[in-house]
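See below for the structure under consideration.
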Amino acid sequence: MDKRRFLKIWEASALVALCICLCAAVWAQGRQLSISAGLVRLHVLAASDDEYEQELKLRVRDAVLDYISPRLEPAETPAEARSILRGELEGIGQAAAAAAEGRAVTVSLGPELYPRRDYAGFALPAGRYESLRIILGEGEGHNWWCIVFPPVCLSAVQSEPIEEAMSAEDYALITRQDGYELRFRTVELWGELLEKLEENGWITSGGE
Numbered sequence: 233m234d235k236r237r238f239l240k241i242w243e244a245s246a247l248v249a250l251c252i253c254l255c256a257a258v259w260a261q262g263r264q265l266s267i268s269a270g271l272v273r274l275h276v277l278a279a280s281d282d283e284y285e286q287e288l289k290l291r292v293r294d295a296v297l298d299y300i301s302p303r304l305e306p307a308e309t310p311a312e313a314r315s316i317l318r319g320e321l322e323g324i325g326q327a328a329a330a331a332a333e334g335r336a337v338t339v340s341l342g343p344e345l346y347p348r349r350d351y352a353g354f355a356l357p358a359g360r361y362e363s364l365r366i367i368l369g370e371g372e373g374h375n376w377w378c379i380v381f382p383p384v385c386l387s388a389v390q391s392e393p394i395e396e397a398m399s400a401e402d403y404a405l406i407t408r409q410d411g412y413e414l415r416f417r418t419v420e421l422w423g424e425l426l427e428k429l430e431e432n433g434w435i436t437s438g439g440e
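For the sequence shown, position 196 matches number 428 in this note's numbering, and the numbering has no gaps at all.
Structure (structure tokens):
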């Protein structure tokens with residue numbers, strides 16, 4: 233085989249590999265966006281890792297959930313849940329501040345990059361999710377997160393409300409049913425890539 237022919241074969245192989253990678257990335261991005269479209273998450277960041285600050289974080293979490301849970305009851309879609317939360321940001325901030333014992337409280341609603349999170353019976357891949365974000369002080373401590381729509385924060389997280397909020401394919405993906413393990417890993421790798429890009433400052437979270 234001459235050198236010119238070898239290079240042509242190598243170039244063709246590289247092009248095919250690139251096309252496969254691009255197709256996989258596009259598919260993974262679409263699936264992650266589809267999964268995240270049905271959810272609204274809650275993210276509470278403690279001021280520090282001091283034991284008392286971590287306990288305070290949980291008290292703030294409880295105060296926020298007590299405030300938003302009855303207000304989200306009428307919501308039947310993620311869009312309705314986002315609209316309600318957006319209109320209640322001031323009240324949410326007041327509820328958080330009342331439990332924060334003088335710590336500065338920052339409240340926002342917008343897209344946020346999350347790591348993978350395992351729950352009972354399913355896992356959410358890393359990626360962007362609409363997020364109600366509560367930051368205490370400098371927000372340098374370990375965080376806490378859950379899902380406020382569908383409303384699963386106040387009890388043990390069950391898969392039934394999540395199943396109702398998703399397409400059959402997306403639910404099969406996050407529960408890694410037979411034949412979906414590789415697909416979940418593909419979406420997971422895409423989310424991990426986004427995390428790395430954000431860590432290096434090449435993309436931003438886009439949060440408000």
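From the three backbone atoms N, C-alpha and C, an ideal C-beta is built for every residue, glycine too.
Bear in mind that the values here come from a model prediction, so they are computed numbers and not experimental data.
Problem set entry | 6 Å Cβ shell around Arg-335 - same chain, five flanking residues per side excluded | Cβ neighbours of Arg-335 beyond the five flanking positions: Ala-279, Leu-368, Gly-369.
For this session: Starting from Pro-310, trace the alpha helix (DSSP H) both ways and give me its first and last residue.
Result: Per DSSP, Pro-310 belongs to the alpha helix (DSSP H) from 310–319.
For this session: Find the nearest neighbour of Gly-270 within the set Pro-310, Glu-283, Ile-379, judged by alpha-carbon distance.
Result: Taking each of Pro-310, Glu-283, Ile-379 in turn and checking the Cα distance to Gly-270, the smallest one comes out for Pro-310.
Exercise. Just reading off the alpha helix (DSSP H) that Ser-301 is part of, what are its end residues?
Worked result: First-last of the alpha helix (DSSP H) with Ser-301: 283–304.
Exercise. Can you tell me the Cα-Cα spacing of Gly-371 and Glu-322, whole angstroms?
Worked result: Taking the straight line joining both Cα atoms gives about 19 Å.
Exercise. How many angstroms separate the CA atom of Ala-358 from the CA atom of Ala-330?
Worked result: One alpha carbon belongs to Ala-358, the other to Ala-330, and they sit about 32 Å apart.
For this session: Can you give me the start and stop residues for the beta strand (DSSP E) that Ala-515 sits inside?
Result: The structure shown does not extend to residue 515, since the chain is modelled only from 233 through 440, so no value can be given for it.
Exercise. Would DSSP call Glu-344 helix, strand or coil?
Worked result: Strand at Glu-344.
For this session: Can you grab the Cα-Cα spacing for the pair Thr-407 / Leu-265, in whole Å?
Result: Distance between the alpha carbons of Thr-407 and Leu-265: 17 Å.
Exercise. Once you ignore the five residues that flank Ala-332 on each side, which residues in its own chain have a CB closer than 8 Å to its CB?
Worked result: If we look at Ala-332 and ignore the five residues flanking it on each side, its Cβ neighbours are Leu-288, Val-292, Leu-368.
Exercise. So, using beta-carbon positions, are His-275 and Ile-394 closer together than 8 Å?
Worked result: The answer is no: Cβ separation not under 8 Å.
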